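Residue numbers (my numbering), protein chains in the order written: chain A, 22 to 201; chain B, 142 to 218.
Structure below.
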């Protein structure tokens with residue numbers, strides 16, 4: 022996987038071991054919300070048509086028709102944008118584990134992004150946590166990295182297969198330690 | 142006092158412009174910070190196509206209406 026465009030500052034000898042994102046189930050929840058919102062205006066229209074048809078009896082040149090058209094247009098444009106921004110936040114929120122360090126890119130909102138990293142040599146403790154029915158069933162959970170640095174604790178939420186990831190990071194830490 | 146219907150197109154145009162700016166920033170953001178993979182390109186293409194379809198349908202709807210009409214605020218409905 023070419024990640025040079027996303028992380029141009031990686032060292033020459035640095036090898037990427039893992040690139041992780043949140044479990045797709047997180048994205049699925051947003052997709053379901055978006056899908057339901059897609060059908061909200063026609064459902065509301067049908068409800069009014071069934072329960073209060075008189076409300077919709079206005080002449081063709083009524084201002085209501087013009088407002089409804091512009092409102093529907095803006096509603097669907099921004100619903101589309103909402104889905105896109107959520108996908109962006111999911112896609113750009115990424116964890117990269119190399120043989121030297123762990124990089125956490127936290128894409129909070131479209132205009133808010135934080136990149137933090139910790140050297141494997143600084144990691145003191147690593148724990149994985151799977152809690153809840155869905156998390157257990159779909160095998161995703163959190164990983165906590167306790168570091169010696171001032172930043173303290175790194176938490177990666179809703180990562181797929183957190184136990185495997187913890188094992189991989191532990192192995193990388195051991196290799197890193199042996200190299201030093 | 143009368144207000145022409147086409148006045149509604151001004152705030153509509155401003156909001157569409159905001160939509161275009163945010164979309165442009167999002168596309169730039171994904172390209173700048175994302176991984177340049179076929180998947181990202183596919184999502185970009187899908188997003189741009191969807192937005193173009195919504196805008197095209199909106200323009201067709203807008204053109205079908207007579208915007209030269211006026212809204213009479215003093216009329217007794």
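We put the beta carbon where it would ideally sit given N, CA and C, even for glycine. Values in this document were obtained by computation on a predicted structure and should not be read as measured data.
Our two residues, residue 180 of chain A and residue 45 of chain A, have alpha carbons roughly 9 angstroms apart in a direct line. Our two residues, residue 141 of chain A and residue 37 of chain A, have alpha carbons roughly 13 angstroms apart in a direct line. Those residues of the stretch 94-107 of chain A placed with their C-beta closer than 8 angstroms to a C-beta in chain B are 94, 95, 97, 98, 99, 101, 102, 105 and 106, ordered along the chain. Just so you know, the alpha carbons of residue 208 of chain B and residue 95 of chain A end up roughly 18 angstroms apart. Taking a beta-carbon distance threshold of 8 angstroms, residue 203 of chain B counts as an interface residue toward chain A.
Judged by DSSP secondary structure, residue 108 of chain A falls within the alpha helix (DSSP H) whose first and last residues are 84-113. When Cβ-Cβ separations below 8 angstroms define contact, residue 90 of chain A makes contact with chain B.
Proximity of residue 32 of chain A to chain B, defined by a Cβ-Cβ separation below 8 angstroms, is not satisfied. Taking all protein chains shown into account, residue 97 of chain A has 16 or more neighbouring C-beta atoms within 10 Å of its C-beta and is therefore buried. In this structure the stretch 50-58 of chain A does not touch the stretch 119-132 of chain A; the number of beta carbon pairs closer than 8 angstroms is below three. Contact with chain B is absent for residue 127 of chain A, since none of that chain's Cβ atoms lies less than 8 angstroms from the residue's Cβ. Proximity of residue 114 of chain A to chain B, defined by a Cβ-Cβ separation below 8 angstroms, is not satisfied. At a C-beta separation below 8 angstroms, residue 84 of chain A has these neighbours in chain B: 146 and 212. Per DSSP, reduced to three states, the secondary structure at residue 143 of chain A is helical. Under the 8 angstroms criterion on CB atoms, residue 188 of chain B is classed as interfacial with respect to chain A. Residue 176 of chain A carries a strand assignment under DSSP once its states are collapsed to helix, strand and coil. Leaving aside the five residues that flank residue 177 of chain A on each side, the residues in its chain whose CB is nearer than 6 angstroms to its CB run, in chain order, 116 and 164. Here residue 172 of chain B is exposed: its Cβ has fewer than 16 other Cβ atoms, across all protein chains shown, within 10 Å. For residue 165 of chain B, the closest Cβ of chain A is not nearer than 8 angstroms.
Residue 66 of chain A has a beta carbon lying at 8 angstroms or more from every beta carbon in chain B.
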